[in-house]
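In order, the protein sequences belong to chains B and W.
Everything in the first sequence is counted per our numbering, starting at 3 for the first residue and increasing by one.
Everything in the second sequence is counted per our numbering, starting at 366 for the first residue and increasing by one.
Beta carbons: idealized from backbone N, C-alpha and C, even for Gly.
Bear in mind the structure is a predicted one, so any value in this text is a computation, not a measurement.
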Amino acid sequence: MKSAVAIAVSPEVSPIAVRRLGRLGYEETLRVQEEARGQVIAGAPEQLLLVEHPPVITLGRRGDVRHVLERRAPVLRVSRGGDVTYHGPGQLVGYPILDLNRRGRDIDRYLRALEDVLIAVARRFGLTARRQRGFTGVWLGNAKLAAIGVGIRRWVTMHGFALNVADLRSEFAAIVPCGLAGIGVTSLAEATGQCPAMADVEALVVDEFLRVFAPSEEGAG
Amino acid sequence: MPKLSDTMEEGTILKWLKQVGETVTAGEVIAEVETDKADMELEAAEGGVLSAIRIPAGESAAVGAVIAVLDGDAAAKGNGDAQQAKSTATGTPEAVDEPGADRDEESDAAAAAERPAARKPEVASPPTKSAPTPKAAPPSKAAPPSAAPSRSRAADATQAATQAATKDAPRADTIKASAAARALAAERGIDLAGLRGSGPDGRIVSEDVETAASDTKPAESRATMRRPPSTGGEAPVSERHELSRMRQSIAKRMSEAFRDIPHFAVTAEIDMSEAVRLKAALEKSGAFDVPVTYTHMLLKAVARALTRHPRLNSSYRDGALEVHAEVNLGMAVSVDDGLIVPVLRRADERSLADLAAEARRLVALTKQGKFASADLSGGTFTVSNMGMLDLESFTAVINPPQAAILAVGAIKPRAVVREGAVVARHTMFVTVSCDHRIIDGVMAGRFLEELKTLLENPIGLVVA
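So this is what it looks like as structure tokens:
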């Protein structure tokens, strides 16, 4: 596992520690998340974990295994909301470990705020992404650009979002994303016609994330 | 059911981690609750014995509904000292549903499991009372948006004390409502527990009761969703199934479409005699590797008509009209208890043979459930063909964010008038449903005329 480095953001401005985990397995990252959650519950600064996973298919608690059409990657059942999704190289996964006790205790607001972050990131690429009422996530037209699914204990969040950077359509072909038949996936690469560098996307995600979540305690609005 | 967000109306119990009779310690996770894309681990605020589970795993309950009963130490101490009980509960700040916080009246997030001391008196009271049972009367609708904890705490203490003092009173008395609203509710037979108050701190005022009286439907439908109909009037239910994810998706999308899009429909009868001849000729000639069907001709004609009438190949979005650069035809394909719409991309640029091959491939994959998700995205117009059934015409619901959908009936010999004489011709009826926000009747009519011309002179579909 790569060392976790907090970026240089002054604590007064941003109490959220950003940790870039590089490429790390899903289950290893899960352990990092759980550890981080323990720290946050104990009062430590909130964290944003950023990671790229090796190929893996995960099923949320309600995930229907029938939505895994082909077992091209290991399939794991995990403790987040949502159905089935794919993670793999070319996708930036963010796990905010945030204490919603400090942010108004509203899961809906939290989910919408995550969408705001990703919509803002898309906008930085000149893309007009939007939310679709009733379908958490960030969409370009009818295709999903980023998936969102969270798990919460003691109002501290785990899991988070997965932003498709590279064209992952063939990887996603193995599943019915989020159980939504009739709905496809897209990516920054597909939508902009060129695949941006992961590091650039990461920097923008951090920027927009802190813009939404760090300016004040009420940032989740 | 704890209130996990201001906008949450109900949640689903994913799983009970504790069974009835088990001892629970404070802070222990007892259940998992799902709402939208978030799962919440529900922890007991206090220790005690789980004495009842009201909402089994897999079922939903309204916010505020009692999901389980926890006989806690505080309850054993008696329920007179609500303030003390509250303190005990607030002593576990990690509790999901800590009393006193995020709540300025008893009804909000009144999960009994979380607040044994405050709730036990109520839930323990015999259900034979005239008061509605907790499940039937979720008080959540009266819950106001959560206020700042510091402000709400005082109100809460008062409320809790009131509640404790009047533990045997009907439950409705614990709901905040003006006297006038109560009187009006009694007169109109409206259950206050089902209302959302619009007054200060979520207090129910007369106006809320009046609104409910004039439109009792939402309350009724909510109630029906929550419990199986068991008493008079309603038809008995023989089976109840959770909807599959696909079905849920269809339900949501179609409801949204039908609610938000002002639909209108225009129908045309198209003479398919030439198409029938052409299809036979093509088969005989063996010119195409893939057999070409009427559906393929229709798709080809629709694609071409759309390039000439791009307004029907558009979307209404955020108050703007977006005209699509590509013609990507969705083909509604019926699958087991559902509908999947694979998308034939750039249909206008394909030759009839190419289009036929691609359509066959997509439909076959869809039927086998092997479609790639990319095959399902980016549609700009949908064709729903029920020509395999012996029917005349139907209207389809628009598939958002598209602006129009074509519903196609069966081709069969019908009596038509040609040059003043009634003759038999193979015809079909097509009906286009349109989003009136961006399409007017004349536009739809011109599109259908174009389609009619193309299909009645189908040789053009083959040569170009």
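Counted within 10 angstroms of its Cβ, other Cβ atoms place residue i as buried (16 or more) or exposed
{"i": "W/Phe869", "result": "What is shown of chain W runs 366 to 829, which leaves residue 869 of chain W out entirely."}
{"i": "W/Met366", "result": "buried"}
{"i": "W/Ile824", "result": "exposed"}
{"i": "W/Glu753", "result": "Note that residue 753 of chain W is Met in the sequence shown, not Glu. Under this definition W/Met753 is an exposed residue."}
{"i": "W/Val574", "result": "buried"}
{"i": "B/Asn144", "result": "buried"}
{"i": "B/Asp108", "result": "buried"}
{"i": "W/Lys368", "result": "buried"}
{"i": "W/Lys649", "result": "exposed"}
Reduced DSSP secondary structure (H/G/I, E/B, other) of residue i
{"i": "W/Lys451", "result": "Its pLDDT being 36, under 50, W/Lys451 is placed unreliably in this model, and the coordinates cannot settle the point."}
{"i": "W/Val641", "result": "helix"}
{"i": "W/Pro675", "result": "helix"}
{"i": "W/Thr818", "result": "helix"}
{"i": "B/Ala115", "result": "helix"}
{"i": "B/Arg25", "result": "strand"}
{"i": "W/Ala361", "result": "Only positions 366 to 829 of chain W appear in this structure, which leaves residue 361 of chain W out of reach."}
{"i": "W/Ser511", "result": "Legend: pLDDT at W/Ser511 = 40, less than 50; position of this residue unreliable, value from coordinates given subsequently. Coil."}
{"i": "W/Met753", "result": "coil"}
{"i": "B/Asp209", "result": "helix"}
{"i": "W/Ala780", "result": "strand"}
{"i": "B/Phe127", "result": "coil"}
{"i": "B/Asp110", "result": "helix"}
{"i": "W/Met366", "result": "coil"}
{"i": "W/Val385", "result": "coil"}
{"i": "W/Met373", "result": "coil"}
{"i": "B/Thr194", "result": "helix"}
{"i": "W/Ser758", "result": "coil"}
{"i": "B/Thr31", "result": "helix"}
{"i": "W/Val795", "result": "strand"}
{"i": "B/Ala199", "result": "coil"}
{"i": "W/Val570", "result": "coil"}
{"i": "B/Arg105", "result": "coil"}
{"i": "W/Ser425", "result": "strand"}
{"i": "W/Ile378", "result": "strand"}
{"i": "B/Arg171", "result": "helix"}
{"i": "W/Arg484", "result": "Note that W/Arg484 has pLDDT 38, beneath the 50 cutoff, so the model's placement of it is unreliable and no number is given."}
C-alpha gap between residue i and residue j, whole angstroms
{"i": "W/Ala548", "j": "W/Met373", "result": "29 angstroms"}
{"i": "B/Glu204", "j": "B/Val123", "result": "10 angstroms"}
{"i": "W/Asp740", "j": "W/Lys732", "result": "13 angstroms"}
{"i": "W/Glu604", "j": "W/Ala426", "result": "19 angstroms"}
{"i": "W/Ala439", "j": "B/Pro56", "result": "A caution first: W/Ala439 carries a pLDDT of 46, below 50, which makes its placement in the model unreliable, though a value can still be read off. So the two alpha carbons sit approximately 50 angstroms from each other."}
{"i": "W/Glu408", "j": "B/Val158", "result": "13 angstroms"}
{"i": "B/Val152", "j": "W/Val394", "result": "17 angstroms"}
{"i": "W/Glu815", "j": "W/Ala775", "result": "20 angstroms"}
{"i": "W/Lys380", "j": "W/Lys817", "result": "56 angstroms"}
{"i": "W/Gly651", "j": "B/Tyr97", "result": "58 angstroms"}
{"i": "B/Gly92", "j": "B/Arg155", "result": "29 angstroms"}
{"i": "W/Ala403", "j": "B/Arg82", "result": "6 angstroms"}
{"i": "W/Ala622", "j": "W/Glu387", "result": "47 angstroms"}
{"i": "W/Thr792", "j": "W/Arg779", "result": "6 angstroms"}
{"i": "B/Val208", "j": "B/Thr31", "result": "18 angstroms"}
{"i": "W/Val698", "j": "B/Asn103", "result": "47 angstroms"}
{"i": "B/Asp101", "j": "B/Leu120", "result": "20 angstroms"}
{"i": "W/Ala430", "j": "W/Arg419", "result": "9 angstroms"}
{"i": "W/Glu397", "j": "W/Leu819", "result": "58 angstroms"}
Proximity below 8 angstroms, CB of residue i to CB of residue j
{"i": "B/Leu94", "j": "B/Met160", "result": "no"}
{"i": "W/Val434", "j": "W/Ala417", "result": "yes"}
{"i": "W/Arg715", "j": "W/Glu691", "result": "no"}
{"i": "W/Tyr362", "j": "W/Ala768", "result": "What is shown of chain W runs 366 to 829, which leaves residue 362 of chain W out entirely."}
{"i": "W/Ser563", "j": "W/Ala546", "result": "no"}
{"i": "W/Ile626", "j": "W/Pro765", "result": "yes"}
{"i": "W/His674", "j": "W/Arg811", "result": "yes"}
{"i": "W/Ala772", "j": "W/Ala789", "result": "no"}
{"i": "W/Gly703", "j": "W/Arg612", "result": "yes"}
{"i": "W/Ile540", "j": "W/His628", "result": "no"}
{"i": "W/Leu826", "j": "W/Lys665", "result": "yes"}
{"i": "B/Ala131", "j": "B/Leu116", "result": "no"}
{"i": "B/Leu23", "j": "B/Val34", "result": "yes"}
Where residue i meets chain C, residues with beta-carbon distance less than 9 angstroms
{"i": "B/Ala124", "result": "Absent from the structure is chain C; the protein chains it does hold are B and W."}
### Task
Counting only runs of 4+ residues fully inside the stretch 595 to 655 of chain W, write out the alpha helix (DSSP H) ranges in chain order.
610 to 625 and 638 to 650
Which ranges would you report for the beta strand (DSSP E) in the stretch 134 to 165 of chain B if only whole runs of at least 3 residues count?
137 to 142 and 145 to 155
* **alpha helix (DSSP H) runs contained entirely in the stretch 660 to 748 of chain W, provided each spans 4 or more residues** => 717 to 732
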